[in-house]
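The structure appears below as structure tokens.
Numbering (the numbering used here), first residue to last: 1 to 231.
If you want it as structure tokens, here you go:
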């Protein structure tokens, strides 16, 4: 069965009631886990909506509340840390980590940044987004590391995805607004699918241009399970 990840990312907008609602919807549809992001002001730089974005970051101050909501809902949650210190406060609460594409480039070069080293030292499972094939990386056969094919463009078009490369990866991290993209990945044998989700496309959530709403996700997951059943 495909492992399904609902990327809440910044689309929960710092609203804990909305986060719970999205987690409940994700669980009902059959997602295996939801994912958040841990960033700080240094990570974001001079973003014009810095204050609003920071409300949706997982921090040392809100990590227990997010963990409690996930436990109450009964769904796994994990996170993409974007600075080394985040790994320490996340580690007691998560069973795996995600490394975003821009940070994973060092891993592809067989280098360990302080962030990557902190994550690897937890000895937990790691999902790494990458546009380039990880086959030449010394960590390619590390059983704790799962590589997700990802086009780091928000959004990317269906034509920008090179599905011929996908066999070199364990999973697919989607930034394409067409459900054809993750469905094609599953048809090609991918075991992990990560998609951005939104509660309402009519609202101005940050990642709506790469996100599916829950009516679209219901169709997507129904089709994925049909593929699983027939394979």
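Cβ coordinates follow ideal geometry from the N, Cα and C atoms, glycine included.
Residues bridged to residue i (per DSSP)
{"i": "residue 239", "result": "Residue 239 cannot be examined here, being either before or after the span of the chain that is shown, 1 to 231."}
{"i": "residue 125", "result": "96"}
{"i": "residue 131", "result": "Paired residues: none, contrary to the question."}
{"i": "residue 12", "result": "Partner(s): none; residue 12 has no beta bridge."}
{"i": "residue 222", "result": "According to DSSP, residue 222 bridges with nothing at all."}
{"i": "residue 76", "result": "33"}
{"i": "residue 150", "result": "173"}
{"i": "residue 145", "result": "126"}
{"i": "residue 81", "result": "38"}
Coarse secondary structure for residue i, derived from DSSP in three states
{"i": "residue 49", "result": "coil"}
{"i": "residue 38", "result": "strand"}
{"i": "residue 188", "result": "coil"}
{"i": "residue 155", "result": "coil"}
{"i": "residue 88", "result": "helix"}
{"i": "residue 56", "result": "coil"}
{"i": "residue 214", "result": "helix"}
{"i": "residue 200", "result": "coil"}
{"i": "residue 161", "result": "coil"}
{"i": "residue 228", "result": "helix"}
Sub-8 Å separation of residue i and residue j beta-carbons
{"i": "residue 12", "j": "residue 6", "result": "no"}
{"i": "residue 175", "j": "residue 154", "result": "yes"}
{"i": "residue 75", "j": "residue 127", "result": "no"}
{"i": "residue 90", "j": "residue 103", "result": "no"}
{"i": "residue 46", "j": "residue 3", "result": "no"}
{"i": "residue 158", "j": "residue 178", "result": "yes"}
{"i": "residue 131", "j": "residue 152", "result": "yes"}
{"i": "residue 143", "j": "residue 118", "result": "no"}
{"i": "residue 80", "j": "residue 35", "result": "yes"}
{"i": "residue 22", "j": "residue 197", "result": "yes"}
{"i": "residue 206", "j": "residue 53", "result": "yes"}
{"i": "residue 96", "j": "residue 125", "result": "yes"}
{"i": "residue 224", "j": "residue 183", "result": "yes"}
{"i": "residue 56", "j": "residue 87", "result": "no"}
{"i": "residue 29", "j": "residue 221", "result": "yes"}
{"i": "residue 133", "j": "residue 168", "result": "yes"}
Beta-carbon proximity list for residue i, same chain, < 6 Å, skipping 5 on both sides
{"i": "residue 173", "result": "129, 148, 150, 194"}
{"i": "residue 217", "result": "29"}
Same chain, Cβ closer than 8 Å to residue i, five either side skipped, listed in chain order
{"i": "residue 64", "result": "93"}
{"i": "residue 82", "result": "37, 38, 39, 40, 43, 100, 103, 115"}
{"i": "residue 180", "result": "158"}
{"i": "residue 106", "result": "112, 113, 116"}
{"i": "residue 50", "result": "41, 44"}
Proximal residues to residue i (C-beta, below 7 Å), its chain only, five neighbours per side dropped
{"i": "residue 138", "result": "110"}
{"i": "residue 201", "result": "208, 213"}
On the three-pair Cβ rule with 8 Å, is the segment 213-230 touching the segment 37-57?
no
Using 8 Å as the threshold, is the segment 104-123 in touch with the segment 69-78, meaning 3 or more CB pairs across them?
no
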